[in-house]
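A.B. asks: Be aware that the sequence shown starts at 19, since it is given in the working numbering, and climbs by one per residue. Even for Gly, the Cβ is constructed at its ideal location relative to N, Cα and C. Just dropping this structure here.
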Amino acid sequence: MNLLRKILFPIAVIYGLVTAIRNFLFDKGVFKSTAFPIPVIAVGNLSVGGTGKTPQIEYLIRLLQNDYRVATLSRGYKRESKGYILANENATAKVIGDEPFQYYKKFCKIQVAVDASRKNGIEELLSQPLKPEVILLDDAYQHRKVKAGFYVLLTAYGDLYADDCMLPTGNLREYKSGAKRANSIVVTKCPATLSTQSKEEIRAKLRLTKKQQLFFTTISYDDTAYSAHGSLEVSEIIKKDKLLLAGIAKPESFFAYLQAANDLTMVYPDHHHFTDNDIIEIKNKSKNNIIVTTEKDFVRLKGSVLEEQLYYLPIKSKFLEGADLFDKTILNYVGSSTRNG
């Protein structure tokens, strides 16, 4: 913890107290939470950034899209628009945000909407002639004006919420006790060889309730990188001189997967909107070698002068064990909620 964060500890105490009072008022019904008559699954975290929400949302889309009409609802972080928007052929990353735009381009069967007010967004989705049967709320764990039917809480291996403290001293958005609202807790970005002993140590740290399930996932990288005009096998990419580019939280594992000795790297802030000057700088630094970036960054750079050099590497969330149990739990919730609705 750096000196500035230590100095800001009194602010962290005040911030924690405010969030605790807010949660208490929601828990006691003083502040109203709205429930809806369809399955609503909220995916989020207690900390800011870097826990792998996007691959987890995509995992749920793949699980549900063939049997249900699925919609995702996000706030559309850093978008250049306001209010409720349902993605259509005019959508761009600037209009709806990079992650929603990624969902829209990748999954043709689903509806993708953005709204800072999740309650209003759900009401708008349900007012359509073709209503969704399941709604996935992206990054909505603290959005308590909506009462989801199922909560998936993510925490990153090596950066567990149990080891963290409140903003701005730490990275927590609310106290660790907020984890009790979760139905399933997923430890993300684990080593693929995580030992049973390590899993049990993490379980002890997280102090689950009797009703909560714990799962461990790792990031699975694709064997192929894709561009607007073709693809390259990762085995070929590693041999090439290249520029690795990332505007995401915690890009270290992405770089480690692809980087060779002579490769250059460029790092931008999470959800960074690339300016013309940025693109010129990237172009110059690449020296016309290929540029490999993340899928989220690709949707923001596609169509630029970098397009002929630009490739992206897809990732997925992969369960180390218990995928069948997680899938069954989600499908049982959705199936029973749909019948009840």
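Whole angstroms are fine: how far does the CA of Phe54 sit from the CA of Gly47?
C.D. replies: When rounded, the distance between both Cα atoms is 16 Å.
A.B. asks: Answer with buried or exposed for Arg318, where buried requires no fewer than 16 other C-beta atoms within 10 angstroms of its C-beta.
C.D. replies: When all chains shown are included, Arg318 counts as buried.
A.B. asks: What does DSSP give as the partner residue(s) for Leu224 in the beta ladder?
C.D. replies: DSSP output for Leu224 lists no bridge partner at all.
A.B. asks: In chain order, which beta strand (DSSP E) runs of at least 3 residues are fully inside the segment 247-306?
C.D. replies: Counting only runs of 3 or more, we get 249-251, 260-264 and 282-285.
A.B. asks: Apart from the five residues just before and just after Lys149, which ones in its own chain have a Cβ nearer than 8 Å to its Cβ?
C.D. replies: Only Ile56, Arg87 and Leu143 meet the Cβ criterion.
A.B. asks: Would you mind working out which of Ile114, Asp259 and Ala267 sits nearest Gly101, comparing C-alpha positions?
C.D. replies: Looking at the Cα atoms, Ile114 is the closest of the given residues.
A.B. asks: Hey, Gln277 and Asn306 are a contact pair by Cβ (cut 8 Å); roughly how many whole angstroms apart?
C.D. replies: No, Gln277 and Asn306 are not in contact; Cβ-Cβ is about 19 Å, not under 8 Å.
A.B. asks: Which residues in the same chain have their Cβ closer than 8 Å to the Cβ of Asp288, if we skip the five residues on either side of it in sequence?
C.D. replies: Contacts found: Gly67, Gly68, Gly265, Ile266 and Ala267.
A.B. asks: With Ala243 as the anchor, note down where its beta strand (DSSP E) starts and where it stops.
C.D. replies: Counting along the chain, the beta strand (DSSP E) containing Ala243 begins and ends at Thr242 to Tyr244.
A.B. asks: Short check: CB of Pro332 to CB of Asp240, under 7 Å?
C.D. replies: Contact flag set, yes.
A.B. asks: Smallest Cα separation from Thr211: which of Thr227, Ile128, Ser238 and Lys228?
C.D. replies: For Thr211, the nearest C-alpha among the options comes from Ser238.
A.B. asks: For Thr206, which of Lys228, Lys336, Glu254 and Ala89 has the nearest alpha-carbon?
C.D. replies: Closest by alpha carbon: Lys336.
A.B. asks: For Phe272, which of His290, His247, Ala243 and Asn295 has the nearest alpha-carbon?
C.D. replies: Selected option, being the one with the closest Cα: Ala243.
A.B. asks: Verify whether the separation of the beta carbon atoms of Ala166 and Ala60 is less than 7 Å.
C.D. replies: Closer than 7 Å, so yes.
A.B. asks: Pull up the distance between the alpha-carbon of Gly353 and that of Asp296, whole angstroms please.
C.D. replies: So the alpha carbons of these two residues sit roughly 47 Å apart.
A.B. asks: Is the beta carbon of Val204 closer than 7 Å to that of Phe168?
C.D. replies: No, Cβ-Cβ distance for Phe168 and Val204 is not below 7 Å.
A.B. asks: Look up Ile153 in the DSSP assignment and say whether it is helix, strand or coil.
C.D. replies: Strand.
A.B. asks: Could you spell out where the beta strand (DSSP E) holding Tyr179 opens and where it closes?
C.D. replies: No beta strand (DSSP E) contains Tyr179, which DSSP labels as neither H nor E.
A.B. asks: Identify every residue that forms a DSSP beta bridge with Lys217.
C.D. replies: According to DSSP, Lys217 bridges with nothing at all.
A.B. asks: Would you tell me roughly how many angstroms separate the C-alpha atoms of Pro28 and Asp182, rounded to the nearest one?
C.D. replies: Cα-Cα distance, rounded: 16 Å.
A.B. asks: Could you give the residue range of the beta strand (DSSP E) that holds Lys334?
C.D. replies: Looking at the DSSP string, the run of the beta strand (DSSP E) that includes Lys334 is Ile333 to Phe337.
A.B. asks: When you compare each of Gly34, Phe125 and Ala30 to Thr187 by their alpha carbons, which one comes out closest?
C.D. replies: Of the listed residues, the one whose Cα sits closest to Thr187 is Ala30.
A.B. asks: Could you give the distance in angstroms between the alpha-carbon of Thr37 and the alpha-carbon of Tyr159?
C.D. replies: Answer to the nearest angstrom: the Cα atoms are 13 Å apart.
A.B. asks: In whole angstroms, what is the alpha-carbon distance linking Ser65 and Arg80?
C.D. replies: Going from the Cα of Ser65 to the Cα of Arg80 covers about 26 Å.
A.B. asks: Just verifying my parser: in three-state terms, what is the DSSP assignment at Leu232?
C.D. replies: In the structure shown, Leu232 sits in a strand (DSSP, three-state: E or B).
A.B. asks: If I measure Cβ to Cβ from Glu325 and keep anything under 6 Å in the same chain, skipping five residues before and after, which residues do I get?
C.D. replies: Hits under 6 Å: Ala246.
A.B. asks: Ala30 lies in the alpha helix (DSSP H); which residues open and close that run?
C.D. replies: Ala30 -> alpha helix (DSSP H) spans Phe27 to Asp45.
A.B. asks: Just the Cα atoms here: how many angstroms apart are Glu98 and Ser253?
C.D. replies: Their Cα atoms are separated by approximately 38 Å.
A.B. asks: Alpha carbons only, please: which of Lys258, Ser304, Thr283 and Gly321 is nearest the one belonging to Glu270?
C.D. replies: Of Lys258, Ser304, Thr283 and Gly321, the residue nearest in Cα terms is Thr283.
A.B. asks: Can you tell me whether Leu43 is buried or exposed? The criterion is at least 16 other CB atoms within 10 Å of its CB, across all chains shown.
C.D. replies: So Leu43 ends up on the exposed side.
A.B. asks: For Tyr330 and Lys314, what's the separation of their Cα atoms in angstroms?
C.D. replies: Rounded to the nearest angstrom, the two C-alpha atoms are 9 Å apart.
A.B. asks: Ala105: buried (16+ other C-beta within 10 angstroms of its C-beta) or exposed?
C.D. replies: It is buried - the Cβ of Ala105 has at least 16 other Cβ atoms within 10 Å.
A.B. asks: Can you grab the Cα-Cα spacing for the pair Gly34 / Gly196, in whole Å?
C.D. replies: Spanning the two alpha carbons is a distance of roughly 11 Å.
A.B. asks: Cutting at 6 Å between CB atoms, please list the residues of its own chain near Ser202, excluding the five before and the five after it.
C.D. replies: Same-chain partners within the cutoff: Val170 and Gln231.
A.B. asks: DSSP has Leu190 in a bridge; who is on the other side?
C.D. replies: Ser65 and Met184, per the DSSP bridge assignment.
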